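Numbering (the UniProt record's numbering), first residue to last: 1 to 226.
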C-alpha cells in the first residue's frame with residue numbers, strides 16, 4: 001500500500017475511533033437537542049392540537065424515557081469530562097476550579113432529571129389521572145368554576161408538581177447551555193477569562209432565574225394542562 005493510501009486509512013480509522021471528547025460532544029448534542037425539542041417544539045405543538053386529556057396521557061408515556069435518557073446522558077457527560085481532566089478525579093469537590101465546577105454543573109443536570117423521572121414525574125402523573133377520573137365522575141372540566149373542592153385540590157396539587165418539574169427541567173437545560181459557554185476546553189469561549197468563583201456565582205443566579213421562570217410559567221396557566 002502506498003504512503004497516501006496508508007495515511008488515508010489511518011485517518012479514517014482515527015475518525016471512526018470514538019474517544020472521550022467525541023462521545024462527550026455527541027452526548028451533549030443529544031441531551032440539549034432532546035430537551036429543546038420536547039420543551040419548545042413537541043410539547044407545545046401537541047398541547048395546541050390534541051385534547052387536553054389525550055395530551056396528558058401521551059406526555060405521561062414520553063416523560064419516563066425523556067428523563068431517563070437525559071439523566072443517563074448527563075452522567076455520561078460527567079464521566080467523559082472526568083476522563084479528560086485529571087483534576088476532576090483528584091479533587092472532585094473543589095468546585096471553584098472551573099473544570100471541576102463544570103462536572104458539578106453536569107451532575108446537577110443529572111440529579112434534576114433523575115428526581116423528575118423517579119419522584120416528581122410519577123407523582124404528577126398520578127394526580128393527573130386522579131383528576132381525569134374526577135372529571136368523568138363530575139361530568140365537568142377541571143377548570144369549571146362549579147367543580148368540587150376535591151377537583152380544586154387536585155388542580156392545586158398538579159399545578160405545584162408541574163411547576164417543580166418544569167423548574168427542574170429548565171435548571172438542567174440551563175446547566176447544559178452554561179457548560180457549553182464556559183467549559184475550559186472550548187477554545188475562544190467568550191467566557192473563558194472569567195474567574196471560577198464568578199462562574200459559580202453566575203451559575204447559581206441562572207439556576208435560580210430558571211427555577212423562577214418555570215414556576216411563574218406553570219402557575220400562570222392556573223390549572224395547568226395534564
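Even for Gly, the Cβ is constructed at its ideal location relative to N, Cα and C.
Source: prediction; values computed, not measured.
Measuring C-alpha to C-alpha distances from residue 110 to each of 78, 101, 46, 82 identifies 78 as the nearest. Residue 137 sits exposed, since fewer than 16 C-beta atoms from the chains shown fall within 10 Å of its C-beta. Counting C-beta pairs closer than 8 angstroms gives three or more between the stretch 16 to 34 and the stretch 72 to 87, which meets the contact rule. Per the coordinates, the alpha-carbon of residue 86 lies some 25 angstroms from the alpha-carbon of residue 70. About 28 angstroms separates the CB atoms of residue 88 and residue 120; that is not less than 8 angstroms, and the two are not in contact. In the DSSP assignment, residue 38 falls outside any alpha helix (DSSP H), carrying neither H nor E. Per DSSP, reduced to three states, the secondary structure at residue 145 is coil, with no helix or strand assignment.
Taking C-alpha positions only, residue 65 is separated from residue 30 by approximately 13 angstroms. At a Cβ-Cβ threshold of 7 angstroms, residue 156 and residue 147 do not count as neighbours.
For residue 120, there is no enclosing alpha helix (DSSP H), as DSSP marks it with neither H nor E. If you look at residue 71, you'll find it in the alpha helix (DSSP H) that goes 52 to 84.
Residue 177 carries a helical assignment under DSSP once its states are collapsed to helix, strand and coil. In this structure, residue 179 sits near residue 105, with a CB-CB distance shorter than 7 angstroms.
Residue 56 and residue 128 have their C-alpha atoms roughly 8 angstroms apart.
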